[in-house]
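Following: one structure in structure tokens, then a few remarks.
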Amino acid sequence: MTYTLANIRMKNYLTASSSPLTESIERLRCCYEAGFSSAILKSSAAYVKTGTGHGRKIVYVKDGYYADASFEREILTLEEGIELYKEAVKNCPSDMLLIPSVSASSLETEKWLKPCSQFELYGAPLIQLDFFYLGTLEHDERFYKKLKILLVKLVQGLDCTIMPKLNLNFEPERTCKVLKESGIKTVSLLDSMREIPDSNLGLREGTTSYFGARQLPYTIKYLKIAKQYGLEVCAGGGVTSKNDVDLLLATGADMVQVASYILNRDFRAVEELLDAKLCSDTRSDITKHNPWCDCENGKKCEKCGACVPH
Ligand SMILES: Cc1cc2nc3c(=O)[nH]c(=O)nc-3n(C[C@H](O)[C@H](O)[C@H](O)COP(=O)(O)O)c2cc1C
Numbered sequence: 425m426t427y428t429l430a431n432i433r434m435k436n437y438l439t440a441s442s443s444p445l446t447e448s449i450e451r452l453r454c455c456y457e458a459g460f461s462s463a464i465l466k467s468s469a470a471y472v473k474t475g476t477g478h479g480r481k482i483v484y485v486k487d488g489y490y491a492d493a494s495f496e497r498e499i500l501t502l503e504e505g506i507e508l509y510k511e512a513v514k515n516c517p518s519d520m521l522l523i524p525s526v527s528a529s530s531l532e533t534e535k536w537l538k539p540c541s542q543f544e545l546y547g548a549p550l551i552q553l554d555f556f557y558l559g560t561l562e563h564d565e566r567f568y569k570k571l572k573i574l575l576v577k578l579v580q581g582l583d584c585t586i587m588p589k590l591n592l593n594f595e596p597e598r599t600c601k602v603l604k605e606s607g608i609k610t611v612s613l614l615d616s617m618r619e620i621p622d623s624n625l626g627l628r629e630g631t632t633s634y635f636g637a638r639q640l641p642y643t644i645k646y647l648k649i650a651k652q653y654g655l656e657v658c659a660g661g662g663v664t665s666k667n668d669v670d671l672l673l674a675t676g677a678d679m680v681q682v683a684s685y686i687l688n689r690d691f692r693a694v695e696e697l698l699d700a701k702l703c704s705d706t707r708s709d710i711t712k713h714n715p716w717c718d719c720e721n722g723k724k725c726e727k728c729g730a731c732v733p734h
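For what it's worth, the working numbering labels the leading residue of the sequence shown as 425, then goes sequentially.
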């Protein structure tokens, strides 16, 4: 079986989702050593940090976990994102596809075109458009019209392939139709669910997302609709077993992306999600690395949200 994304041949079907797994060179190297064929880098946006955003807090619940973090905590500045991409290209073997991810909180063309053009300049053949923060806009008739205008301009203005990443705020039929009509060929599914958890967990409304098995039925729903529109799909969100991976592939996923399965274990767990024949027999020791941050020797950090449990 051969796997491709944006006409690029992959050594297997497994991609590391944009997440703490793909936020540093150390962790990207672990992704490679662990067996991922590709990695979507942590999202970046053209903005200036003000230092006012709150840090990340992780709270584990019985069927998954919540992550609460501000835009400033989760989204790298464009300069940080470009630096990460350039260093990753230097440090990771060429048979791993590195996919930058660009984010913005408005549909203004320049907010997307400028960062995408920069990543393209540094050689990125494929870029994810992280639409998570568009979730806060009202998704009315005008929104979908503006979205189409944006995507048409991006397709016209860039040579690389762009891969929008959807979340539950996007009505799937309508969005896939817009993507298709705009000339988009590839889509990334499905981001976490913005949720208002139990108030005694001390998490903020509006910046908290749920991660876990409850996501998977939505991922499958969006995947089926995207395939009906003839889109290539890098599908994930809610994978909690190899069976889930197989189900996504059987439902038409061209590639499968995961974050939490590895974040909840460590990089060695990649092997559990690959077919046995795809696994390397010489796995390097660096795959024991903490998937959330680069702290070593059991030291804990205050930043990643997972070192200090809540
Ligand atoms: C702490 C954290 C940070 C994330 N940051 C990003 C991000 O910057 N860009 C993005 O597109 N997705 C981001 N994601 C979402 C993941 O890419 C993925 O869509 C989500 O975790 C669902 O997949 P999973 O069930 O395999 O974890 C993040 C996820 C986590 C847990």
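Glycine residues also receive a C-beta, built at the ideal position from the N, C-alpha and C atoms.
As the structure is a prediction and not an experimental result, all values here were calculated from the model.
Fill in: Euclidean distance between Cα positions of Glu447 and Lys570
For this step, residue 447 is matched to residue 23 along the sequence shown. For this step, residue 570 is matched to residue 146 along the sequence shown. Here the alpha carbon of Glu447 sits roughly 31 angstroms from the alpha carbon of Lys570.
Worksheet item: With a cut-off of 8 angstroms, do at least 3 Cβ pairs link the segment 540-557 to the segment 590-600?
Response: With a cut-off of 8 angstroms, the segment 590-600 and the segment 540-557 count as touching, because enough Cβ pairs lie within range.
Worksheet item: For Leu697, which residues of its own chain have a beta-carbon under 8 angstroms away from its beta-carbon, when the five flanking residues on both sides are left out?
Response: Within the sequence shown, the letter at position 273 stands for residue 697. Result list for Leu697: Leu438, Val663, Lys666, Val669, Val680, Val682 and Tyr685, in chain order.
Discussion item. With a threshold of 8 angstroms, are at least 3 pairs of Cβ atoms found where one atom belongs to the segment 506-516 and the other to the segment 481-490?
Written reply: Segments in contact, no.
Worksheet item: Exposed or buried, which one is His478 when buried takes at least 16 other CB atoms within 10 Å?
Response: Against the sequence shown, residue 478 aligns to sequence position 54. The residue is exposed, with fewer than 16 neighbouring Cβ atoms inside 10 Å.
Worksheet item: How is the beta strand (DSSP E) around Gln681 delimited, first residue to last?
Response: Indexing the sequence shown from 1 puts residue 681 at position 257. Secondary structure note for Gln681: its beta strand (DSSP E) is the uninterrupted segment Met679 to Val682.
Worksheet item: In or out: Ser468 buried (at least 16 other Cβ within 10 Å) or exposed?
Response: As a first step, residue 468 is located in the sequence shown; it is residue number 44 there, counting from the start. Counting Cβ neighbours within 10 Å, Ser468 comes out buried, since at least 16 surround it.
Item to complete: Please indicate yes or no: does the CB of Val663 lie closer than 6 angstroms to some heavy atom of ligand 1?
Response: Working through the sequence shown from its first residue, we reach residue 663 at position 239. Proximity of the beta carbon of Val663 to ligand 1 is indicated: a heavy atom of the ligand is located closer than 6 angstroms.
Fill in: Outcome for Gly661 when other beta-carbon atoms lying within 10 angstroms are tallied against a minimum of 16
Residue 661 sits at position 237 when you count from the first residue of the sequence shown. By the C-beta density criterion, Gly661 is buried, having at least 16 other C-beta atoms within 10 angstroms.
Discussion item. According to DSSP, simplified to helix, strand and coil, what is Lys535?
Written reply: Numbered from its first residue, the sequence shown carries residue 535 at position 111. Three-state result, Lys535: helix.
Practice prompt. With a 10 Å radius around its C-beta and 16 neighbouring C-beta atoms as the bar for buried, classify Thr560 as buried or exposed.
Written response: Stepping through the sequence shown from its first residue, residue 560 is reached at position 136. The Cβ neighbour count for Thr560, taken over all protein chains shown within 10 Å, is under 16; the residue is labelled exposed.
Item to complete: Please confirm whether Leu522 and Pro715 have their CB atoms less than 7 angstroms apart.
Response: Walking along the sequence shown from the start, residue 522 turns up at place 98. Walking along the sequence shown from the start, residue 715 turns up at place 291. No, the pair does not count as a contact, with Cβ atoms beyond the cut-off.
Worksheet item: Are there 16 or more other CB atoms within 10 angstroms of the CB of Val694, so buried, or fewer, so exposed?
Response: Numbered from 1 along the sequence shown, position 270 holds the residue referred to as residue 694. With at least 16 other beta carbons inside 10 angstroms of its own, Val694 counts as buried.
Worksheet item: Is Val611 near ligand 1, in the sense that its beta carbon is under 6 angstroms from a heavy atom of that ligand?
Response: As a position in the sequence shown, residue 611 is number 187, starting the count at 1. Outside the cutoff, so no.
Worksheet item: Among the residues of its own chain, which have a CB less than 8 angstroms from the CB of Arg433, if the five just before and after it don't count?
Response: Along the sequence shown, read from residue 1 onward, the residue named residue 433 stands at position 9. Apart from the 5 residues on each side of it in sequence, Arg433 sits with its Cβ closer than 8 angstroms to the Cβ of Thr426 and Tyr427 in its chain, given in chain order.
Worksheet item: Cβ of Asp487 versus every heavy atom of ligand 1: is any distance shorter than 6 angstroms?
Response: Translated into positions along the sequence shown, residue 487 becomes position 63. Asp487 Cβ: outside cutoff for every heavy atom of ligand 1.
Fill in: Inter-residue spacing [alpha-carbon to alpha-carbon] between Ser443 and Glu532
As a working note, residue 443 is residue 19 in the sequence shown. As a working note, residue 532 is residue 108 in the sequence shown. Cα-Cα distance, rounded: 25 angstroms.
Discussion item. Can you find the residues in the same chain that come closer than 6 angstroms, C-beta to C-beta, to Cys717, ignoring five residues on each side of it along the sequence?
Written reply: Walking along the sequence shown from the start, residue 717 turns up at place 293. The residues are Cys725 and Cys728.
Worksheet entry | Residues bridged to Glu656 [DSSP beta-bridge criterion] | Locating residue 656 in the sequence shown gives position 232, counting from the first residue. DSSP output for Glu656 lists Thr610 as bridge partner(s).
Worksheet item: With respect to the alpha helix (DSSP H) encompassing Leu558, which residues constitute its N-terminal and C-terminal limits?
Response: Translated into the one-based positions of the sequence shown, residue 558 becomes position 134. In the DSSP annotation of this structure, Leu558 is not part of any alpha helix (DSSP H), being labelled neither H nor E.
Worksheet item: For Asn436, does the count of other Cβ atoms within 10 angstroms reach 16, so buried, or fall short, so exposed?
Response: Along the sequence shown, read from residue 1 onward, the residue named residue 436 stands at position 12. Per the 10 Å Cβ criterion, buried.
Worksheet item: From Leu500 to Ile464, what distance separates their C-alpha atoms?
Response: Working through the sequence shown from its first residue, we reach residue 500 at position 76. Working through the sequence shown from its first residue, we reach residue 464 at position 40. Cα to Cα, the separation comes out at about 13 angstroms.
Worksheet entry | C-alpha gap between Tyr546 and Ile449, whole angstroms | Counting from 1 along the sequence shown, the entry for residue 546 is found at position 122. Counting from 1 along the sequence shown, the entry for residue 449 is found at position 25. Tyr546 and Ile449 have their C-alpha atoms roughly 17 angstroms apart.
Discussion item. Quick check on Pro588: does DSSP put it in helix, strand or coil?
Written reply: Residue 588 sits at position 164 when you count from the first residue of the sequence shown. Pro588: strand per DSSP, three-state reduction.
Practice prompt. Compute every distance between the C-beta of Val682 and the non-hydrogen atoms of ligand 1, then say whether any falls below 6 angstroms.
Written response: On the sequence shown, residue 682 is found 258 positions in, with the first residue counted as 1. Yes, the beta carbon of Val682 sits closer than 6 angstroms to at least one heavy atom of ligand 1.
Worksheet item: Buried or exposed: where does Gln639 fall if 16 or more other Cβ atoms within 10 Å of its Cβ makes it buried?
Response: On the sequence shown, position 215 is the one that residue 639 refers to. With 16 or more other Cβ atoms within 10 Å, it is buried.
Fill in: Closest Cα partner of Thr632 within the set Cys600, Glu498 and Ala430
Walking along the sequence shown from the start, residue 632 turns up at place 208. Of the candidates Cys600, Glu498 and Ala430, the residue whose Cα lies closest to the Cα of Thr632 is Glu498.
Worksheet entry | Closest by C-alpha distance to Val602, when choosing among Glu504, Met617 and Phe567 | In the sequence shown, counting from the first residue as 1, residue 602 sits at position 178. Taking only the C-alpha atoms, the option nearest Val602 is Phe567.
Worksheet item: Hey, out of Leu627, Phe460 and His713, whose CA is closest to Ala796's CA?
Response: Any question about residue 796 goes unanswered here, given that the chain covers just 425 to 734.
Worksheet item: Between Thr610 and Leu655, which are expected to be in contact by the criterion C-beta below 8 angstroms, what is the C-beta distance as a whole number of angstroms?
Response: Within the sequence shown, residue 610 is the residue found at index 186, counting from 1. Within the sequence shown, residue 655 is the residue found at index 231, counting from 1. About 7 angstroms separates the beta carbon of Thr610 from that of Leu655, a gap short enough to meet the 8 angstroms contact definition.
Item to complete: Confirm the yes/no value for this check: CB of Glu498, any heavy atom of ligand 1, distance under 6 angstroms.
Response: By one-based count along the sequence shown, residue 498 stands at place 74. In this structure, Glu498 has its beta carbon less than 6 angstroms from a heavy atom of ligand 1.
Practice prompt. Note the first and the last residue of the continuous alpha helix (DSSP H) segment covering Asp492.
Written response: Taking the first residue of the sequence shown as position 1, residue 492 is located at position 68. Run containing Asp492: none in the alpha helix (DSSP H); it sits in the beta strand (DSSP E), Gly488 to Asp492.
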